[in-house]
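In what follows, a structure is listed as structure tokens, so that the remarks can point back to it.
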Ligand code: AHR
């Protein structure tokens, strides 16, 4: 067994734990909306057609903000198709996912769903096939109290009060050649700046997100952020980051070190934003909305959209089954997001239901939790107060993709009111148990309240509708406080949470 020594001090605060770090994403893609969150015929559905079994799981997951309606879908979306009497709504081809959208779920249904789920909406506008006017129309529909054509249309459709949506994404992944209406950084930067400027004429207090890179291996990464921010700096608050290329492609060591790459991504975007800030003599900082992140097995058959003459409604798409190692990586990516809470002000696990998701459903049937559900739910529930810097002195592992990484990665949060501390840890070793010793002396007199670990001798175990509970985070009895330190043993390929009071 190896040993890792951690130190924390309440004086070294990175920033507040942000509710919005625990956001998620609902796209019109596959079965995320239809037979995911919305299925009027389902036995548990409410008067809106929302699956209440799914709503219960969303609440247990602890998700805060939900981004909608895409994703690649938004770049061809006409939001007007999804409002008004359902019988009069048109079915449309969704070019992004080679599907048909019946438009029985739209902006009003989404807003009713967010109210019921108790989550904050984050709305994206189409800057692929559409532009400033359509973004303004949607904003008028959602946020103007009444007395105008579109705000009165909303009222006629049943929503008397404006939705007051605060966070808006100015398009989606506009750097990606796959995107409908893909643009150069110059083209997108100008359009995003003008859209933002016009939207602020309606509501100056919006929080606006410009599109950053679709991942840090894009050929335009860095230059894209720089050019886009040169155009938009004064008009936006956040720049987005997306990443999915974390998968176990046979190199499990590198996969378990994926968070090292997320650290690099965040640091690079923050540095680029700060360089634009300096060159432009701006006062405010631009922060990051990490509004799509997850493990995604993109080469698997379930990620291939339909083709040819097939344009199905709600096909099975991107329905990845996550195993224990995937959950450890998801837990570690959350550690990275929290560690960067000074610059990551919002994040969305993509996506919420069925599509690369922590929650799965059967049409007409059961809903269950994937392995990735657990580290997310526990972190969302127990990360409280402020994020503290953690100094890690651990054995170093060599990885092919990301070079040398610490065998143990960790982040700590502390509630300044109560002094209670939560510690989130991963052991990235494939074979070695690690003994962690965390120096507690600067944190006062604390005892272990709870310690749970997610691991399994077979890290390829996945949950199914028939068995979603054989492998769950389990009590880790090795945790205890002695001589001013927390001691805990971490099995190989594991995620652990220790709470101290
Ligand atoms: O989340 C799946 C897809 O991944 C989204 O539609 C897109 O934005 C990203 O490429």
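Numbering (our numbering), first residue to last: 2 to 502.
Virtual Cβ for every residue (Gly too), placed ideally from N, Cα, C.
Only a predicted model underlies this, so the values are computations on that prediction, with no experimental measurement involved.
The straight-line gap separating the alpha-carbon atoms of residue 46 and residue 111 is approximately 15 Å. The three-state secondary structure of residue 353, taken from DSSP, is coil. The shortest CA-to-CA distance from residue 465 to any of 232, 490, 390 and 360 is the one to 360. Sequence-distant Cβ neighbours of residue 52 in its own chain, meaning closer than 6 Å and more than five residues away, are 40, 43, 45 and 46. Between the ligand AHR and residue 351, a heavy atom-to-CB distance of less than 7 Å is present.
Judged by the Cβ position, residue 323 fails to qualify as a neighbour of the ligand AHR at the 7 Å threshold, every heavy atom of the ligand being at least this far. Between the ligand AHR and the CB of residue 48, the shortest heavy atom gap is not smaller than 7 Å.
In this structure, the CA atom of residue 15 is about 10 Å from the CA atom of residue 344. In the DSSP annotation of this structure, the continuous segment of the beta strand (DSSP E) that includes residue 24 starts and ends at 24 to 26. Nearest C-alpha to residue 67 among 81, 83, 22 and 91: 22. By the Cβ test, the region 168 to 182 is in contact with the region 196 to 214, since at least three Cβ pairs between them sit closer than 8 Å.
Restricting attention to 37, 263 and 198, the CA atom closest to the CA of residue 114 is found in 37. The region 86 to 97 makes no contact with the region 137 to 144; the number of CB pairs closer than 8 Å stays below 3. For residue 273, the secondary structure class from DSSP, reduced to helix, strand or coil, is helix.
Approximately 12 Å separates the beta-carbon atoms of residue 412 and residue 376; this is outside 8 Å, ruling out the contact. A distance criterion of 7 Å places the beta-carbon of residue 23 beyond contact range of the ligand AHR, judged by its closest non-hydrogen atom. The alpha-carbon of residue 463 is positioned some 27 Å away from that of residue 314.
Taking a contact to require three or more Cβ pairs closer than 8 Å, the region 434 to 452 and the region 291 to 308 do not qualify as touching. Distances taken from the Cβ of residue 304 to the heavy atoms of the ligand AHR include none shorter than 7 Å. Under the criterion of beta carbons closer than 8 Å, residue 336 and residue 425 qualify as touching, at roughly 5 Å. DSSP, reduced to helix, strand and coil, places residue 82 within a helical segment of the structure shown.
Taking non-hydrogen atoms of the ligand AHR into account, the C-beta of residue 78 is found less than 7 Å away from none of them. Secondary structure at residue 304: helix, using DSSP grouped into helix, strand and coil. Using a C-beta cut-off of 8 Å, the region 232 to 245 makes contact with the region 275 to 293, since at least three inter-stretch Cβ pairs fall below that distance.
Under the criterion of beta carbons closer than 8 Å, residue 270 and residue 320 do not qualify as touching, at roughly 30 Å.
Placement of the Cβ of residue 30 at a distance of less than 7 Å from at least one heavy atom of the ligand AHR is found. When secondary structure is reduced to three states using DSSP, residue 2 falls in the coil class, being assigned neither helix nor strand. Closest by C-alpha distance to residue 167, out of 143, 153, 135 and 193, is 143. Between the region 120 to 127 and the region 183 to 191 there are fewer than three inter-stretch CB-CB distances shorter than 8 Å, so the stretches are not counted as touching. Going by DSSP, residue 420 is part of no alpha helix (DSSP H) at all; its letter is neither H nor E. When the alpha-carbon of residue 254 is set against those of 442, 406 and 159, the nearest one is in 406. When the beta-carbon positions are compared, residue 485 and residue 441 come within less than 8 Å of each other. Shown here for residue 469: same chain residues with a beta carbon closer than 7 Å to its own, the five before and five after excluded, namely 369 and 370 in chain order. Straight-line measurement puts the Cα of residue 49 at about 22 Å from the Cα of residue 78. DSSP, read as helix, strand or coil, puts residue 311 in coil. Annotation for residue 287: no alpha helix (DSSP H) segment contains it, and DSSP assigns it neither H nor E.
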